[in-house]
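Q:
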Amino acid sequence: MKPIFFISVIGLLLVQLAWSQGNPPNQPRPAANTQQPAQNRPMNQMPQQAPANQQPSRGNGQPAAATVPQTNPIPMSQQSTTTQISAMDGLEGLNLKSESLGRRDPFTLPLYIINKLKAKDIGPPVSRVDDSVEPIRRWPLVSYTLVGIIWDVKNAKALIRDQANHVHILKVRDRIGYDKGVITDIREGSVTVLENEIPQVLKLRK
131 MKPIFFISVI GLLLVQLAWS QGNPPNQPRP AANTQQPAQN RPMNQMPQQA
181 PANQQPSRGN GQPAAATVPQ TNPIPMSQQS TTTQISAMDG LEGLNLKSES
231 LGRRDPFTLP LYIINKLKAK DIGPPVSRVD DSVEPIRRWP LVSYTLVGII
281 WDVKNAKALI RDQANHVHIL KVRDRIGYDK GVITDIREGS VTVLENEIPQ
331 VLKLRK
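Under our numbering, residue 336 is the last one in the sequence shown; the count climbs by one each step, no gaps.
#1: Measure the CB-CB distance between Ser320 and Lys310 and report whether it falls below 8 Å.
#2: Could you work out which residue in Val312, Lys336, Gln293 and Thr275 is closest to Asn326 when comparing CA atoms only?
#3: In chain order, what are the residue ranges of uninterrupted beta strand (DSSP E) at least 3 long that sit wholly in the region 260-330?
#4: Would you report the Cα separation of Asp235 and Ile328, rounded to the nearest angstrom?
#5: Since Arg291 and Val277 are thought to touch, with beta carbons under 8 Å apart, how far apart are those beta carbons, to the nearest angstrom?
#6: Report the three-state DSSP secondary structure of Leu332 (helix, strand or coil).
#7: Going by DSSP in three states, Phe136 sits in which element: helix, strand or coil?
#8: Note down the Cα distance separating Val283 from Lys301, rounded to an integer number of angstroms.
#9: According to the Cβ coordinates, are Ile306 and Lys287 closer than 8 Å?
#10: Taking 6 Å as the limit between beta carbons, can you name the residues of its chain near Thr314, skipping five residues before and five after?
#11: Going by C-alpha to C-alpha distance, which of Val272, Leu289, Ser273 and Leu271 sits closest to Ile279?
#12: Just confirm the distance between the C-beta atoms of Leu247 and Gln330, as a whole number of angstroms; I'd bet it's less than 8 Å.
#13: Which term fits Ile243, buried or exposed, when burial requires 16 or more other beta carbons within 10 angstroms of its beta carbon?
#14: Roughly how many angstroms lie between the CA atoms of Gly141 and Ala148, to the nearest whole one?
#15: How many Å lie between Arg317 and Asp304 at the Cα?
#16: DSSP state of Leu239, grouped into three classes?
#17: In whole angstroms, what is the alpha-carbon distance linking Val139 and Val145?
Following this line, the structure appears as structure tokens:
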């Protein structure tokens, strides 16, 4: 009995010695808590999406070149035609024709100006008056005045005064004026002159 008692006492002493040193023998160590607290756990993250403009990488690690669809350029002739058509679209329904003049040649005078010039007495250019020519053929026909007629003779004669106030006695077939006018008829109160195939009448002034 004594050996067993001594062995028990020795065992108790060893146990007390081990507890006193803080490393009890044969006591299982607590398992390490590998789980993180709930408050320290990261929230479930959403999977990141690649940017829309991110280009796929090639095998060598460089981004692949972006492919741009090619468009055929519009020829200049078609562009000008398209521009003209677009400009004319806004003019539809407008009356572009003038009611007074209509479509006429832009390089010709309007009709009312032509008529006014015809009705107006326009004298001859100064350059056409030649002082070396006899006075009866020096000036235009409108510059001569019928002042008298010699009627009671075999061949009637006309008394015509020029621009220089000189009086000339003329008969049929005599020339008058710088435009090759010819006297074709002498009547009691008038003289007919053919100038450029157009008959002109000089009336006697009373």
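Don't be surprised by glycine CBs; every beta carbon is placed ideally from N, CA and C.
A: The answer reads as follows:
#1: no
#2: Of the candidates Val312, Lys336, Gln293 and Thr275, the one whose C-alpha sits nearest the C-alpha of Asn326 is Val312.
#3: With a minimum length of 3 residues, the continuous beta strand (DSSP E) runs that stay inside the region 260-330 are 275-280, 287-291, 297-300, 311-316 and 320-325.
#4: Per the coordinates, the alpha-carbon of Asp235 lies some 29 Å from the alpha-carbon of Ile328.
#5: 5 Å
#6: Residue state, collapsed to three classes: strand.
#7: helix
#8: 12 Å
#9: Taking 8 Å as the Cβ cut-off, Ile306 and Lys287 do not qualify as a contacting pair.
#10: Thr322 and Leu324
#11: Leu289
#12: The pair is not a contact, with the Cβ atoms about 18 Å apart (cut-off 8 Å).
#13: exposed
#14: 11 Å
#15: 15 Å
#16: coil
#17: 10 Å
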